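Trainee:
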Ligand SMILES: [Zn+2]
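Residue numbers (my numbering): 56 to 472.
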């Protein structure tokens, strides 16, 4: 038997940590309200630092307030392997979103320590500041600065609803650190998280091998026809913008169907004018949201929608405008890291499937600067950003063990001796 085969996560301890830290910002309904850089956030950060020190970790805080717990490896010349996620929550958040990834990483450090296992690479655990974006928008702020997507000045200038700037909030809780944010080479990054969707639970799978984060593109669609009398205007002479909009809604669903199970199209807002029961609607404004793991497919979905929508508009004598308002490219994760997660799940005898993340994560930014992958576990009813968020204790332990084995595989794979 391999000498490291017996290293394992202390499952009861991990589940206790999740339960214990839920008191920092506990809500009456069993959730957590722990906004970034609040008094509750300071308490949970202090708790994490105390437990990291007890394991013999060195702890640094960067200029964005992110905490890094570091267990020294045997070769100090190698860049570290990093695990991470976030301890901030939504205003009525659950006990698992982000928290699981940080405390699961702590459980990995603890398992290595308990077994006397010293990897070649140093192993770091990151607690990223303001992942949720609930207090300071946009989300994933600290990992965004770390990976060069935002500047430190941009991040410091973000203000909450009371006008408090992020830079001042960092000072207020004593977490404006010295280490320049991003001056931190990495061998690889792994993030453990609840799925926040229903796929794993529906299929009875324990582990989601996350292959990337899907891309998304938003459009504002305007249809202009002609207002007319509902009683006197013959059907064939109408230029009904809402009827044409209805055809576009069906078209959007057809476009998704034509591009396979990973394509998603949504029309979430529809606003018809003038909004009178006996007037043929003259104008409709609506939104269109396109998503797919592959940006080339989103291009194709957009082209299909535009071509067929133009034909629908032409036949209905409607003027059509489709303006892109926002977009976020897809993020494919690293094939080698994905393979380490898949192997770890398979070797542990855990049911698993490849999955694309529908939500954003710190890992999406980390993938810009180092090989990255994620591990999902199921959450009940796919519910997240909700006080009722729940994950099974056995799944929590299983996911942390997969993270641990993936880190051990990465230690062998990267920077070969
Ligand atoms: Zn999260």
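The C-beta atom is built at its ideal place from N, Cα and C for all residues, glycine as well. These figures come from a predicted structure and were not determined experimentally.
1. Classify residue 381 as helix, strand or coil using the three-state DSSP reduction.
2. Suppose contacts are defined by Cβ-Cβ distances below 7 Å. Is residue 337 in contact with residue 296 by that definition?
3. If you scan the segment 317 to 389 from start to end, which runs of the alpha helix (DSSP H) of 4 or more residues do you find wholly inside it?
4. Over the uninterrupted beta strand (DSSP E) stretch that includes residue 439, give me the two end residues.
5. Grouping DSSP H, G and I as helix and E and B as strand, with all else coil, what is residue 465?
6. Please report how far the alpha carbon of residue 117 lies from the alpha carbon of residue 233, in whole angstroms.
7. Can you give me the start and stop residues for the alpha helix (DSSP H) that residue 489 sits inside?
8. Using 10 angstroms around the beta-carbon of residue 305, count the other beta-carbons present and answer buried if the total reaches 16, otherwise exposed.
9. List in chain order the residues whose CB is within less than 5 Å of at least one heavy atom of ligand 1.
10. Considering residue 74, what are the terminal residues of the alpha helix (DSSP H) in which it resides?
11. Just list the residues that DSSP pairs residue 267 with in beta bridges.
12. Expressed to the nearest angstrom, what Euclidean distance is found between the alpha-carbon atoms of residue 399 and residue 412?
13. Taking the runs of the alpha helix (DSSP H) that are 4 residues or longer, which of them lie wholly in the segment 228 to 294?
14. Using C-beta distances below 8 Å, list every residue in its chain close to residue 347, excluding the 5 sequence neighbours before and after it, in chain order.
15. Does the distance from the C-beta atom of residue 423 to that of residue 202 stay below 7 Å?
16. Leaving aside the five residues before and after residue 274 along the sequence, list all residues of the same chain whose C-beta is less than 6 Å from its C-beta, in chain order.
17. Can you list, in chain order, the residues of its chain with a C-beta nearer than 7 Å to that of residue 335? Leave out the 5 residues immediately preceding and following it.
18. State the Cα-Cα distance for the pair residue 409 and residue 448, rounded to the nearest angstrom.
19. Cutting at 6 Å between CB atoms, please list the residues of its own chain near residue 470, excluding the five before and the five after it.
20. Count the other C-beta atoms from every protein chain shown that fall within 10 angstroms of the C-beta of residue 225, then say buried if there are 16 or more, exposed otherwise.
21. Leaving aside the five residues before and after residue 322 along the sequence, list all residues of the same chain whose C-beta is less than 7 Å from its C-beta, in chain order.
22. Measure the C-alpha to C-alpha separation of residue 127 and residue 157 and round it to an integer number of angstroms.
23. Going along the chain, which residues of its own chain have a beta-carbon closer than 6 Å to the beta-carbon of residue 97, five neighbours each way excluded?
24. Could you check if residue 59 is buried or exposed, using at least 16 other CB atoms within 10 Å of its CB as the buried criterion?
25. Straight-line CA distance for residue 246 to residue 261?
26. Identify, in the order they occur along the chain, each residue of the same chain with its Cβ nearer than 7 Å to the Cβ of residue 56, setting aside the five sequence neighbours on each side.
27. To the nearest angstrom, how far is it from the Cα of residue 267 to the Cα of residue 105?
28. How would you call residue 61, buried or exposed, if buried means at least 16 neighbouring beta carbons within 10 angstroms?
29. Kindly indicate the opening and closing residues of the alpha helix (DSSP H) around residue 208.
30. Can you tell me the Cα-Cα spacing of residue 174 and residue 219, whole angstroms?
31. Just checking my contact of residue 259 with residue 458 at CB under 8 Å: how many whole Å lie between their CB atoms?
32. Can you tell me whether DSSP reads residue 136 as helix, strand or coil?
33. How would you call residue 290, buried or exposed, if buried means at least 16 neighbouring beta carbons within 10 angstroms?
34. What separation, rounded to the nearest whole angstrom, lies between the Cα atoms of residue 272 and residue 349?
Mentor: Concretely, from the data shown:
1. strand
2. yes
3. 350 to 370
4. Looking at the DSSP string, residue 439 is not in any beta strand (DSSP E), and its letter there is neither H nor E.
5. helix
6. 6 Å
7. The structure shown does not extend to residue 489, since the chain is modelled only from 56 to 472, so the question has no answer here.
8. exposed
9. 152 and 153
10. 66 to 76
11. 387 and 411
12. 19 Å
13. 254 to 258
14. 269, 270, 314, 317, 318, 319, 353, 356 and 385
15. yes
16. 343, 377 and 379
17. 282, 283, 285, 288, 293 and 295
18. 22 Å
19. 133
20. buried
21. 304, 307, 341, 342 and 343
22. 18 Å
23. 228
24. exposed
25. 16 Å
26. Only weak support exists for where residue 56 lies, its pLDDT of 46 falling under 50; the value from the coordinates is given anyway. Closer than 7 Å at the Cβ level, and outside the excluded window around residue 56, lies no residue.
27. 33 Å
28. exposed
29. 207 to 212
30. 42 Å
31. 21 Å between Cβ atoms; not a contact.
32. strand
33. exposed
34. 12 Å
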